[in-house]
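Residue numbers (our numbering), protein chains in the order written: chain D, 9 to 741; chain S, 46 to 504. All C-beta atoms, glycine included, are put in the ideal place defined by N, C-alpha and C. Structure first, then comments.
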């Protein structure tokens with residue numbers, strides 16, 4: 009604000025300053041993600057209390073202090089709640105700071121939101137684009153100045169992203185904010201962003217930078233230690249870009265990446281690094297935890313509990329980072345540890361211990377309760393002897409005596425936990441049943457893959473509408489199964505979606521378990537192994553390194569199938585030629601099979617095929633020699649083949665494969681068909697049941713298909729008679 | 046200093062045909078009338094690195110180089126000359142002389158380096174970090190890339206040529222990535238793991254690998270032994286070491302350790318030592334050490350690849366192409382004249398006292414005229430080197446060229462941007478532009494050539 013006032017006072021030498029427009033900001037009051045489910049089913053994310061103050065207040069208070077004059081709040085999910093909240097707060101009546109809202113019900117992404125805003129035609133100049141879950145105390149003066157100056161020189165510089173340096177450790181990002189790791193390439197001189205990769209795809213251990221980047225810039229700095237603050241200074245062109253490209257959904261994944269690769273329009277994105285000020289975005293439960301702690305530890309000053317900004321009540325800072333509201337009733341024997349916030353009107357009874365936690369307003373906490381690293385929102389009743397570790401407990405929850413919350417639990421609004429009940433780690437409990445997963449393409453596209461849950465906004469909005477009805481309906485239904493939440497428990501335990509189970513620890517507020525940490529480190533190691541392995545097959549001097557396969561990621565399923573066959577064959581041949589042990593060959597083939605998601609039958613077929621091919625390629629002059637070759641190969645590698653023959657169907661697959669070979673690729677085997685079949689039987693590779701079943705299956709086939717059945721007719725006949733013989737033998741014994 | 050130096054002098058380099066010949070192998074090509082090898086040898090001598098092995102490709106060439114060295118450096122340097130077969134590559138050459146290497150660290154330098162960067166500084170950087178390899182980097186020369194061949198010194202592209210793509214850590218001490226040769230034409234593929242370990246990496250395209258390396262001997266020998274397909278230090282050995290630095294496969298300190306499929310045994314003693322070192326050390330540990338500590342007490346084997354970046358004011362050039370030959374000659378008598386070791390006259394040129402100039406003949410600045418050369422009347426020489434005992438007629442113009450020894454140039458010739466080897470005869474009114482003339486060639490009267498390589502047919 010200061011800067012602009014100065015500009016206005018200056019003599020009118022700069023025409024731009026004359027036609028000065030007030031600084032605007034677009035605040036997206038919807039994260040378009042599902043990471044805060046189930047809480048966000050009932051209340052929008054921006055209204056969730058962060059150290060007892062709704063998140064949006066941090067964002068608005070910062071925007072106000074940073075000199076923004078007009079904020080456009082875009083509401084989507086639970087828009088009514090957001091608007092009602094803003095109306096009831098003082099934000100609408102603030103001088104020099106106007107807050108307006110735009111409501112939309114069918115936007116499902118940030119891209120949609122910006123398109124709606126573009127249509128409304130409310131943006132007149134450069135604007136700040138943030139989401140309502142941003143906590144910051146940075147000054148915008150410098151970055152705005154840089155952005156304007158760049159814009160003057162180069163009209164293509166449409167956006168400036170704020171980044172912040174974090175500690176360079178492979179797991180810091182994970183342990184701090186729970187976000188994916190981010191790789192960026194930035195021109196050290198112009199600060200232009202050249203590359204942005206936020207989805208850590210662990211299967212790829214390399215970053216691929218376009219060679220053209222270096223022709224334009226003699227040096228590039230590549231960052232793994234930068235954190236994207238999700239604070240963007242945008243030119244009005246950004247909005248029209250979103251409108252022109254209706255497929256842009258996600259700000260980073262679509263918009264930023266598209267601009268970076270697009271060299272026709274030549275739009276450029278720049279970065280601004282902040283050093284001493286704070287900026288972070290609450291993306292998931294883990295960052296909720298981290299940022300809460302940062303607020304308590306005063307990194308976000310002046311937005312801390314004991315400084316009055318909008319929406320917080322008076323609290324007093326005591327020693328060791330302990331904040332206590334004025335009207336706390338606390339028993340003498342209750343212990344309140346460091347870095348804890350206790351809200352107004354909360355009662356704490358004897359022998360209760362609370363540390364590193366936030367307790368909201370009007371809570372009643374019984375005696376002998378221990379609360380560690382947790383977030384208790386307003387009006388929660390916790391009875392005696394409860395134990396809460398690293399959990400989030402929303403408004404109105406009742407925990408009956410002796411209930412225990414293990415690390416990572418989230419209890420949504422008004423859940424009741426029965427007596428002595430232990431809620432297992434990472435459980436999410438809500439009065440609302442878990443929405444059924446729908447996979448409409450559109451939604452899948454923008455939904456965060458790592459969250460695993462697909463956001464279904466239509467459901468959310470209908471839920472909102474019928475919320476009251478539903479809640480009452482739920483309450484009527486008195487008979488909650490006791491196994492879910494104990495006697496008297498009320499709520500649904502959400503099941504963790506397939507695939508996201510392992511992700512659960514990443515985003516939860518619970519400390520990362522040691523084994524997961526080790527695992528995370530291991531992944532970084534594995535990348536390395538992969539690469540060194542790659543490196544060991546080095547080109548000799550002057551020889552080009554062949555292009556890695558992974559450059560064509562879009563190989564479809566079919567070609568992958570082919571590659572499995574050739575790979576498996578190559579693996580087998582390598583095992584033969586390099587005398588690799590059977591055990592390791594089996595392991596290798598199995599890994600290959602899994603990675604290509606092939607069944608055992610497929611693998612067995614391929615292996616058998618390669619075995620036959622091998623014996624065919626071994627020099628021979630007559631069919632009998634060929635048979636001998638085949639016998640040798642089969643005898644030597646029978647164990648390998650057997651390990652992939654788990655059941656009769658697999659064995660039939662081998663026979664069919666053999667048939668196919670004899671017909672097409674290796675006609676030489678056709679006279680030997682029955683002999684080799686016998687051999688396989690003799691070596692116990694193929695059981696007689698399989699052969700008989702094969703025979704049965706072929707009964708109805710045309711004659712052409714029955715050539716080989718006919719050839720082995722005698723053998724089959726013998727087989728059909730043989731069991732009796734065996735039985736007789738057994739009988740004789 | 047416990048450093049052994051290996052000078053890879055090369056032999057009949059294909060890039061330099063027709064300049065090199067049986068009589069003049071690459072190490073003996075003249076730069077300002079001195080063999081190019083002498084620049085490296087004197088540079089090493091200045092850093093007190095006097096224990097040298099000069100590796101020459103081909104027996105004949107070795108004999109010639111050996112003869113020259115023993116004459117010129119007797120009593121100053123301890124030089125062994127070793128001959129290796131041709132086309133074994135730089136790694137092959139080192140393999141061939143591996144048994145002679147005994148010192149703790151080995152410095153490998155290319156014999157065609159013309160530079161004033163002290164190798165001692167590279168050695169010091171190497172020792173300071175206890176690195177397995179330290180490479181010297183210098184800014185990439187401004188002239189067009191070597192492929193542009195005989196395009197002449199004048200129309201050089203303003204853009205620096207791309208020789209390497211190099212990744213450095215923020216302190217610019219460690220080498221994290223290097224791409225050479227054909228890899229330059231492709232997209233850059235960066236290991237994420239190393240980026241994770243170091244946090245930030247600077248990628249530079251304006252640096253060049255100067256082919257001066259310090260290696261830990263045990264590591265160098267091990268890599269050469271185990272990776273028998275490696276042919277080139279620059280393209281195979283160095284990139285391999287850089288790539289595997291966080292997952293070291295080489296045995297440090299020569300102490301054999303049990304290899305266990307990537308899961309190295311935890312060495313509690315070593316770990317403790319490391320920890321205490323880090324705790325006690327005033328300087329912050331390098332990312333290698335931090336990474337090596339791992340998370341749960343297990344140590345990971347890492348090794349360090351360091352760089353020494355020569356400052357921009359230093360001169361550093363490799364004579365590995367015809368273009369480079371002209372450039373180096375021009376620079377040594379021009380902007381990098383301190384390298385030549387001669388003292389320049391007031392006119393900024395060197396004319397040997399025994400050289401004779403006819404009337405109205407001018408020799409401009411940045412020129413050199415060797416011992417006993419004679420020039421006729423009305424000649425003009427600009428930015429050129431003329432060797433010993435040349436006979437130059439009247440009305441001859443020489444610009445931006447190198448003329449070696451015993452060359453005869455008849456009246457009225459004009460030579461621009463060309464290289465004329467020893468014993469060449471140019472008859473009357475020959476006009477050469479951007480040409481190379483091989484040793485002993487005779488250019489007939491009145492020929493006009495542009496951008497050609499003229500040489501006698503090989504027998």
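Original post:
Looking at residue 102 of chain S and residue 484 of chain S, is the spacing between their C-beta atoms short of 8 angstroms?
Top reply: Result no, Cβ atoms of residue 484 of chain S and residue 102 of chain S do not sit closer than 8 angstroms.
Original post:
By DSSP, does residue 126 of chain D sit in helix, in strand, or in coil?
Top reply: Here residue 126 of chain D sits in helix by DSSP.
**OP:** Just grab the DSSP bridge partners of residue 383 of chain S for me.
**Re:** Residue pairing from DSSP leaves residue 383 of chain S without any beta-bridge partner.
**OP:** Just mark residue 602 of chain D as buried or exposed, buried being the case when its beta carbon has 16 or more other beta carbons within 10 Å.
**Re:** Classification for residue 602 of chain D: exposed.
Subject >> Chain-order list of residues whose beta-carbon lies under 8 angstroms from that of residue 409 of chain D (same chain, five-residue window excluded) >> reply: 374, 391, 392, 393, 394, 427, 428, listed in sequence order.
Original post:
What is the DSSP secondary structure of residue 200 of chain S, reduced to helix, strand or coil?
Top reply: Summary for residue 200 of chain S: the model assigns pLDDT 36, below 50, so the residue's position carries little reliability; its value from the coordinates is reported in the next sentence. Collapsing the DSSP output to three states places residue 200 of chain S in coil.
Original post:
If you draw a straight line from the C-alpha of residue 242 of chain D to the C-alpha of residue 213 of chain S, how long is it?
Top reply: Cα to Cα, the separation comes out at about 32 angstroms.
Original post:
I think residue 98 of chain S touches residue 51 of chain S, with their Cβ atoms under 8 angstroms apart; what is that distance to the nearest whole Å?
Top reply: Separation of the CB atoms of residue 98 of chain S and residue 51 of chain S is rounded to 5 angstroms, and the pair is thereby assigned contact status at 8 angstroms.
Subject >> Straight-line gap, residue 696 of chain D to residue 727 of chain D (C-alpha atoms, nearest Å) >> reply: If you take the alpha carbons of residue 696 of chain D and residue 727 of chain D, they lie about 7 angstroms apart.
Original post:
Within 8 angstroms (strictly less), CB to CB, does residue 131 of chain S reach chain D?
Top reply: Judged by the 8 angstroms Cβ criterion, residue 131 of chain S is not in contact with chain D.
Original post:
Can residue 220 of chain S and residue 154 of chain S be called in contact, C-beta distance under 8 angstroms?
Top reply: It is not a contact, given that the beta carbons lie outside the stated cut-off.
**OP:** Just the chain D side, please: which residues come within less than 8 angstroms of residue 251 of chain S by C-beta, in chain order?
**Re:** Think of a sphere of 8 angstroms around the beta carbon of residue 251 of chain S: the chain D residues whose beta carbon falls inside it are 226, 227, in chain order.
Original post:
So, residue 68 of chain D versus residue 59 of chain D, is the Cβ gap smaller than 8 angstroms?
Top reply: Result no, Cβ atoms of residue 68 of chain D and residue 59 of chain D do not sit closer than 8 angstroms.
**OP:** Below 8 angstroms on the Cβ atoms is my guess for residue 420 of chain D versus residue 47 of chain D; work out the distance and round it to an integer in Å.
**Re:** The pair is a contact, with the Cβ atoms about 5 angstroms apart (cut-off 8 angstroms).
**OP:** Could you tell me if residue 654 of chain D is buried or exposed, where buried requires 16 or more neighbouring beta carbons within 10 angstroms of its beta carbon?
**Re:** Here residue 654 of chain D is exposed: its Cβ has fewer than 16 other Cβ atoms, across all protein chains shown, within 10 Å.
Original post:
Short check: CB of residue 211 of chain S to CB of residue 49 of chain S, under 8 angstroms?
Top reply: Taking 8 angstroms as the Cβ cut-off, residue 211 of chain S and residue 49 of chain S do not qualify as a contacting pair.
Subject >> Where residue 1 of chain D meets chain S, residues with beta-carbon distance less than 8 angstroms >> reply: Chain D is shown only over 9 to 741; residue 1 of chain D falls outside these bounds and no answer can be derived.
Original post:
How many Å lie between residue 346 of chain S and residue 258 of chain S at the Cα?
Top reply: Rounded to whole angstroms, the gap between the alpha carbons of residue 346 of chain S and residue 258 of chain S is 22 angstroms.
Original post:
At a CB-CB cut-off below 9 angstroms, which residues of chain S make contact with residue 231 of chain D?
Top reply: Within chain S, the C-beta atoms nearer than 9 angstroms to that of residue 231 of chain D come from 240, 244, 245, 246, in chain order.
Original post:
Does any C-beta atom of chain D lie closer than 8 angstroms to the C-beta of residue 354 of chain S?
Top reply: Not a single CB atom of chain D sits nearer than 8 angstroms to the CB of residue 354 of chain S.
Subject >> Residue from D:301, D:729, D:349 whose Cα sits closest to the Cα of residue 323 of chain D >> reply: When each option's Cα is compared against that of residue 323 of chain D, the closest is D:349.
Original post:
Can you list, in chain order, the residues of its chain whose CB lies under 6 angstroms from that of residue 90 of chain D, leaving out five sequence neighbours each side?
Top reply: The answer, listed in chain order, is 37, 52, 83.
Subject >> Inter-residue spacing [alpha-carbon to alpha-carbon] between residue 674 of chain D and residue 634 of chain D >> reply: Taking the straight line from one Cα to the other gives about 12 angstroms.
Subject >> Reference residue 95 of chain S, options S:79, S:121, S:162, closest by Cα >> reply: Residue nearest to residue 95 of chain S within the set S:79, S:121, S:162 is S:121 (criterion: CA-CA distance).
Original post:
With DSSP run on the structure shown, which of helix, strand or coil describes residue 296 of chain D?
Top reply: Residue 296 of chain D falls in the helix class under three-state DSSP.
Original post:
For residue 453 of chain S, which of helix, strand or coil comes out of DSSP?
Top reply: In this structure, DSSP gives residue 453 of chain S an extended state, which the three-state scheme calls strand.
**OP:** With a cut-off of 8 angstroms on the beta carbons, I'd call residue 239 of chain D and residue 142 of chain D a contact; round off their distance for me.
**Re:** In this structure residue 239 of chain D touches residue 142 of chain D by the C-beta definition: roughly 6 angstroms separates them, less than 8 angstroms.
**OP:** Kindly list, in the order they appear in chain D, the residues whose Cβ is closer than 8 angstroms to that of residue 230 of chain S.
**Re:** Annotation: Cβ neighbours of residue 230 of chain S in chain D (cutoff 8 angstroms, chain order): 219.
Original post:
Buried or exposed: residue 305 of chain S, going by 16 or more other Cβ atoms within 10 Å of its Cβ?
Top reply: Confidence at residue 305 of chain S is low in this model, with a pLDDT of 34, below 50, so the placement of that residue is unreliable and no value is reported for it.
Original post:
For residue 134 of chain S, which residues of its own chain have a beta-carbon under 7 angstroms away from its beta-carbon, when the five flanking residues on both sides are left out?
Top reply: Contacts found: 276, 277.
Subject >> Rounded distance between the beta-carbons of residue 287 of chain D and residue 747 of chain D, thought under 8 angstroms >> reply: Nothing can be reported for residue 747 of chain D, as the shown portion of chain D is limited to 9 through 741.
Original post:
Which word fits residue 497 of chain D, buried or exposed, when buried means at least 16 other C-beta atoms lie within 10 angstroms of its C-beta?
Top reply: The residue is buried, with at least 16 neighbouring Cβ atoms inside 10 Å.
Original post:
Whose C-alpha, out of D:422, D:198, D:133, is nearest the C-alpha of residue 161 of chain D?
Top reply: Distances from the alpha-carbon of residue 161 of chain D to those of D:422, D:198, D:133 put D:198 closest.
**OP:** Please determine, among S:105, S:265, S:209, S:413, the residue with the shortest C-alpha to C-alpha distance to residue 222 of chain D.
**Re:** For residue 222 of chain D, the nearest C-alpha among the options comes from S:209.
**OP:** Quick one: grab the DSSP three-state call for residue 67 of chain D.
**Re:** Of the three classes helix, strand and coil, the one that applies to residue 67 of chain D here is helix, per DSSP.
Subject >> Alpha-carbon to alpha-carbon, residue 289 of chain S and residue 104 of chain D >> reply: Going by the C-alpha atoms only, they are around 59 angstroms apart.
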